[in-house]
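Top line first, the protein sequences correspond to chains A and B.
Numbering (this note's numbering) for the first sequence: 1 to 337.
Numbering (this note's numbering) for the second sequence: 1001 to 1337.
Protein chains: 2
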Amino acid sequence: MAGKRARASATVNDVARLARVSAITVSRALNSPEQLSADTLERVRGAIRSTGYVPNLLAGGLRSAKSKLVAAVVPTITGPVFLDTIQALTDALDEHGYQLMLGQAGYKDSREDALLDAIIGRRPTGIVLTGMMHSAEGRRRLMNSGIPVVETWDLTPTPIDMLVGFSHERIGEAAAQFLYKRGRRHPGLISGDDPRAARRTQGFSDAWRKLAGKDATVPVEWVPAPTTLASGRKGLGRMLAAHPDVDAVFTSSDLLALGVLMDAQARGLAVPYQLAIMGFGDLGLLAGVTPALTTVHIDGTRMGRMAAGFIIDRSEGREVANRVVDIGFSIIERESA
Amino acid sequence: MAGKRARASATVNDVARLARVSAITVSRALNSPEQLSADTLERVRGAIRSTGYVPNLLAGGLRSAKSKLVAAVVPTITGPVFLDTIQALTDALDEHGYQLMLGQAGYKDSREDALLDAIIGRRPTGIVLTGMMHSAEGRRRLMNSGIPVVETWDLTPTPIDMLVGFSHERIGEAAAQFLYKRGRRHPGLISGDDPRAARRTQGFSDAWRKLAGKDATVPVEWVPAPTTLASGRKGLGRMLAAHPDVDAVFTSSDLLALGVLMDAQARGLAVPYQLAIMGFGDLGLLAGVTPALTTVHIDGTRMGRMAAGFIIDRSEGREVANRVVDIGFSIIERESA
DNA sequence: ATGAAAGCGCTAACAC
DNA sequence: GTGTTAGCGCTTTCAT
């Protein structure tokens, strides 16, 4: 403890020397302490403490081919939709000694391949893909890497490996049925321009035609992803200008829905009487708005925990029985619709 | 390309053999291509492509002692305050080929030390601490690790290493002055119970005594961190019950402020005439609410970029001139106060 | 219950 | 411009 400046940090050998054992014994003290005699264990632990030894996981990972790192890829972190999933993922991983590496792919495909290489290069124990459309090349690289992959927030027809998701089309459909049953006849959609939101939109329009007749068309206002409250307001403005008779709005996010809600209030439109509003995501942040938002709830926490479980199971040699899980969704009926 | 199952992945040696060069040449083709002849480079690149080689960064990092991983620690990711900082951090790191590792410390101190070991063990190029109070033991470990550390979102008296932050006390003070100047005389505070929010609260109370007299007391309603819109509503309810004459509220987050705003509207209180509301964070998500929130703006993006810059500079051997930067804050006057 | 030797895949250091 | 050798710090394998 000569100076405050750190010298090259202690290694197994430093600890071993001090504890008068071999390097491997130090390793065992950390990874399988039950193999050591109480006495040795004690000595090694003392040496670890007094050297301030912190195992180099890069070296360990290299040798054992177990990095204990799990990568998560999200389009962008500022879209609050995936936050619960990431939180649950981190927590679940943490409980098992794994760490999360975060990659933001952006909503464009360009950076995706570079990001993938940066991730695969670290030989993570697993990769969790969250709401990402992946290029054919990216899919191939992932499959060839042999790393367990869990796709989430979607139900793709040909999963790379494992999957925990739900059907965006069916959500659109369910929203259409919900609004139709409540007597709405002129719904409009305000949607972010990302692929999953687009599929909910599509699902809604298709279902609506079945409900209201073959040539019933549903107007759509597209706004850029990630969606914001402000673009919800703008969206409603444009929607009403083009279709003044709209009596219900289904949005691709709760944030958009809140924007619509605020704009409707500002215009003196009674919600839900004159205008029903339905969001997507059941954003916890927004619990408490008045009128309370009717929305589609996705169990992001459960998705995150399941994804973590899949990867841990696989990495510890347990077979994952159900590689594809549809966790579904539920419509939370509150005041706004 | 026999089967679809991945065999052990290709290494430098596989590529080298195929390109009829040595392993180091492959390494150079990736890390310093300008050293190689056009011809060799071409051959190596071809071999990389046809083997699907992805460099093992664990091995590279071990040898070169450069992991190109930067760790960020946040209390929780579901508090949306740090999102801009994380986003900027990821983006800035990405531009330089670094990856972000995310750790959630929770708002309790307990998990902190374990998390720190998991982080230090990976020998990250740098560590960014975001809004975390660290134990003395944790601070020591960080200093001894020799890893560049940037603390953010605070101005601590004795930084571990580098720092980009601002003074929470001065924000409280500025908020008090702002409300006083606008004629408010009975402010109340609604604050999350985390340490930084508490210091803003303290700063407000201290300043208020200077403005309004030694025995002017400012009522405070504490709510649990992370703060939510719902706890803002509850907070206002309790505040008004105990202090019906409150004419201004300063909250520790914009989410709380929005809750207060909605509750005030539900009670028929005119904002800002009967009740002025001032938030903290200038949450981008909330741009577009009516009346627009008066709030304290922190440039999280700039903080994230600066933190990344500090770590990259340091890791590439450049001296960081100003190790401690106060990036300040600004009060954004909108409609609610 | 403990140790010795070897090697994971890469790159620094030093040739030529 | 390219190659040889060695070794980063750990853990696997095999011995005792």
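For every residue, glycine included, the Cβ atom is placed at its ideal position computed from N, Cα and C.
Values in this document were obtained by computation on a predicted structure and should not be read as measured data.
When rounded, the separation of the alpha-carbon atoms in B/Thr1130 and B/Ala1225 is 15 Å. Rounded to whole angstroms, the gap between the alpha carbons of A/Gly52 and B/Gly1121 is 12 Å. Nearest to A/Gln274 by C-alpha distance, out of A/Asp299, A/His297, A/Ser64, A/Ala248, is A/Ala248. Assignment of A/Trp208 by DSSP, reduced to helix, strand and coil, places it in the helix class.
In the DSSP assignment, A/Leu83 falls within the alpha helix (DSSP H) that extends over 83-95. A check of alpha carbon separations from A/Asp154 across A/Gln202, A/Arg185, A/Ala197 identifies A/Ala197 as the nearest. At a cut-off of 7 Å, the C-beta of B/Asp1113 has no neighbouring C-beta in chain A. Neighbours of A/Met239 across chain B, judged by C-beta separation under 7 Å, do not exist; the nearest C-beta is about 16 Å away. Residues of chain B with a Cβ closer than 8 Å to the Cβ of A/Leu256 do not exist, since the nearest Cβ in that chain sits about 10 Å away. One alpha carbon belongs to B/Leu1240, the other to B/Asp1263, and they sit about 11 Å apart.
Close to chain B, meaning a Cβ-Cβ distance shorter than 9 Å, are the following residues of the stretch 284-307 of chain A: Gly284, Leu285, Leu286, Ala287, Gly288, Val289, Thr290.
One alpha carbon belongs to A/Gly259, the other to B/Val1289, and they sit about 7 Å apart. Interface residue (Cβ-Cβ distance to chain B less than 7 Å): A/Asn13 is not classified as such. Assigned with DSSP and collapsed to three states, A/Glu112 falls in helix.
Against chain A, the beta carbon of B/Arg1267 has no neighbour under 7 Å; the closest one sits roughly 11 Å away. Listed by position along chain B, the residues whose Cβ is nearer than 7 Å to that of A/Ile77 are Leu1083, Ile1086, Gln1087. At a cut-off of 7 Å between beta carbons, A/Thr90 contacts chain B. Membership of A/Ile171 in the alpha helix (DSSP H) is indicated by the continuous run 168-181. A straight line joining the alpha-carbon of A/Val164 with that of A/Val223 spans about 27 Å. Around A/Phe178, the same chain offers Ile331 as residues with beta carbons nearer than 6 Å, after the five sequence neighbours per side are excluded.
In the assembly as shown, B/Ala1175 is a buried residue. Its beta-carbon has 16 or more other beta-carbons within 10 Å. Residues of chain A with a Cβ closer than 8 Å to the Cβ of B/Pro1148 do not exist, since the nearest Cβ in that chain sits about 11 Å away. Taking the Cα of B/Arg1323 as reference, the smallest distance to any Cα among B/Glu1333, B/Ala1308, B/Ser1037, B/Ala1337 is reached at B/Ala1308. Contact of A/Arg123 with chain B by beta-carbon distance below 7 Å involves Asn1056, Leu1058.
Neighbours of B/Ser1336 across chain A, judged by C-beta separation under 8 Å, do not exist; the nearest C-beta is about 13 Å away. Taking a beta-carbon distance threshold of 7 Å, A/Ala230 counts as an interface residue toward chain B.
Contact between B/Val1073 and B/Leu1115 holds: their C-beta atoms lie close to 7 Å from each other, under 8 Å.
Around the beta carbon of A/Pro157, fewer than 16 other beta carbons sit within 10 angstroms, so the residue counts as exposed. Under DSSP, A/Ser330 forms a beta bridge with A/His297.
The bridge partners DSSP lists for A/Ser191 are A/Trp222.
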